[in-house]
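K.L.:
Quick one: this structure, given as structure tokens, is what I'll be asking you about.
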Amino acid sequence: MSGITVGVLALQGAFYEHVQLLKKAAAGFSAKQADSASQWEFIEVRTPQELDRCDALVLPGGESTTISLVAARSNLLEPLRDFVKVHRKPTWGTCAGLILLAESANRTKKGGQELIGGLDVRVNRNHFGRQTESFQAPLDLPFLGADQASFPAVFIRAPVVEKILPHQTGEQVGEAQRDETVIAPSRQAEDEAARQAMADNVEVLATLPGRAARLATQGTHIDADEETGDIIAVRQGNVFGTSFHPELTDDARIHAWWLRQVEDSVRRRQQKHLA
3 MSGITVGVLA LQGAFYEHVQ LLKKAAAGFS AKQADSASQW EFIEVRTPQE
53 LDRCDALVLP GGESTTISLV AARSNLLEPL RDFVKVHRKP TWGTCAGLIL
103 LAESANRTKK GGQELIGGLD VRVNRNHFGR QTESFQAPLD LPFLGADQAS
153 FPAVFIRAPV VEKILPHQTG EQVGEAQRDE TVIAPSRQAE DEAARQAMAD
203 NVEVLATLPG RAARLATQGT HIDADEETGD IIAVRQGNVF GTSFHPELTD
253 DARIHAWWLR QVEDSVRRRQ QKHLA
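As numbered in my numbering, residues 3 to 277 make up the sequence shown, in order.
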């Protein structure tokens, strides 16, 4: 396979840390009997021209309102929407990035937050409360593979997926009628390869159990179901989102897993175009 370019949106937030862990993950591939044939390039993205070079993209943690405002001023907001929802290229958002990739976000004033969309979910911003600056919790992440050690997840004023929304063509109109809720604009996939990268259903990849959530906030009550807990990692087609910050650890396992998804996506797209 030819080279794959992965961008990290570098307008604000923990973009440098993502780049470093992506490089560490790719280096791990080379060390494991050269089981990845891809040549990886990782770049910081600040312009539409840099975004055009990318086969996949990471939206880092930070402040989602600031990122969306800077993206709009940099003429990047519409290209980002095209990247995710028209071209349907692999995109991963962490914390603030998860908010940006949601089709609906609450606890926000209309006009104060622009969304990119791609995940049929409603995200609750700052779910754990502003008074809880951060906490860590060990997570069992089955998608990383069997018999894996728990992942040291870092949460900083973290959002959670409050509701999985039904997939529909066009905007989430019902969500737009809610108070203090903003929705993402609709976009159509550009071709058959892009449509095949889509999925109608959101897959829940990880939850933070309700009891653990309450303990993590040091006594602050969280209204979370003890059976299901708070949804903190989801995937839908080409879009992946996590509430927590894998980039703020030394653990590159999620980055490595996601690069595998990117590799598979690029291969499928190349085969589709060659057919």
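Here a beta-carbon is modelled for each residue, glycine too, at the ideal position from N, C-alpha and C.
1) If you draw a straight line from the alpha carbon of ASP84 to that of TRP94, how long is it in whole angstroms?
2) Would you kindly work out how many angstroms separate the C-alpha atoms of ILE256 and LEU103, rounded to a whole number?
3) Leaving out the 5 sequence neighbours to the left and right, which residues in its chain are closer than 6 Å to GLN133 when beta-carbon positions are compared?
4) Which term fits ASP57, buried or exposed, when burial requires 16 or more other beta carbons within 10 angstroms of its beta carbon?
5) Locate the beta strand (DSSP E) running through ARG237, then write down its first and last residues.
6) Measuring only the C-alpha atoms, how far is LEU23 from LEU11?
7) Whose C-beta lies closer than 6 Å to the C-beta of GLY172 among residues of the same chain, with five residues either side of it excluded?
8) Report the CB separation of LEU79 from SER70 in whole angstroms; it is logged as a contact under 8 Å.
9) Is it true that the stretch 154–165 meets the stretch 236–250, where meeting means three or more beta-carbon pairs spaced less than 8 Å apart?
10) Give me whichever residues DSSP pairs with ILE118 in a beta bridge.
11) Among THR244, PRO92 and ARG262, which residue has its Cα nearest to the Cα of ALA201?
12) Who are the near neighbours of THR68 in its chain, counting only those whose CB is closer than 6 Å to its CB and skipping five residues on each side?
13) Any idea if SER152 is buried or exposed, counting beta-carbon neighbours within 10 angstroms, 16 or more meaning buried?
14) Can you check which of these residues, GLY63, GLN150 and SER76, is closest to THR244 by C-alpha distance?
15) Consult DSSP for PRO154 and reduce its assignment to one of helix, strand or coil.
16) So, with DSSP's three-state summary, where would you put PHE44?
17) Would you mind sorting ARG197 into buried or exposed? The rule is 16 or more other CB atoms within 10 Å of its CB.
18) Less than 7 Å between the beta carbons of LEU207 and ASP232, yes or no?
19) Starting from SER106, trace the beta strand (DSSP E) in both directions and tell me its first and last residue.
20) Could you give the distance in angstroms between the alpha-carbon of ALA74 and the alpha-carbon of ASP252?
21) Using the C-alpha atoms, what's the distance from LEU250 back to LEU146?
22) Take the Cβ of GLU192 as the centre, count every other Cβ of all protein chains shown within 10 Å, and call the residue buried at 16 or more, exposed below.
23) By how many angstroms is the C-alpha of ASN108 removed from the C-alpha of GLN179?
24) Taking only the alpha-carbon atoms, compute the straight-line gap between GLY30 and VAL175 and give it to the nearest angstrom.
25) Ordered along the chain, which non-local residues of its own chain (more than five positions away) have a Cβ less than 6 Å from that of ALA27?
26) Can you give the Cα-Cα distance for PHE137 and THR96, rounded to whole angstroms?
27) Going by the DSSP bridge assignment, what does SER136 pair with across the sheet?
28) Comparing C-alpha positions only, which one of VAL21, PRO81, ARG270 and PHE157 sits nearest to TRP42?
29) Have a look at GLY119 and PRO144 and give me their C-alpha separation to the nearest angstrom.
P.N.:
Result, derived from the coordinates:
1) 15 Å
2) 18 Å
3) With a pLDDT of 48 at GLN133, under the threshold of 50, the modelled position of this residue cannot be trusted; read the value that follows with caution. So no residue of the chain qualifies.
4) buried
5) 232–238
6) 15 Å
7) SER188
8) 7 Å
9) yes
10) Bridge partners of ILE118: none, in fact.
11) PRO92
12) GLN14
13) exposed
14) GLY63
15) strand
16) strand
17) exposed
18) no
19) 104–108
20) 32 Å
21) 18 Å
22) exposed
23) 11 Å
24) 44 Å
25) ALA254, HIS257, ALA258 and LEU261
26) 15 Å
27) ILE158
28) VAL21
29) 26 Å
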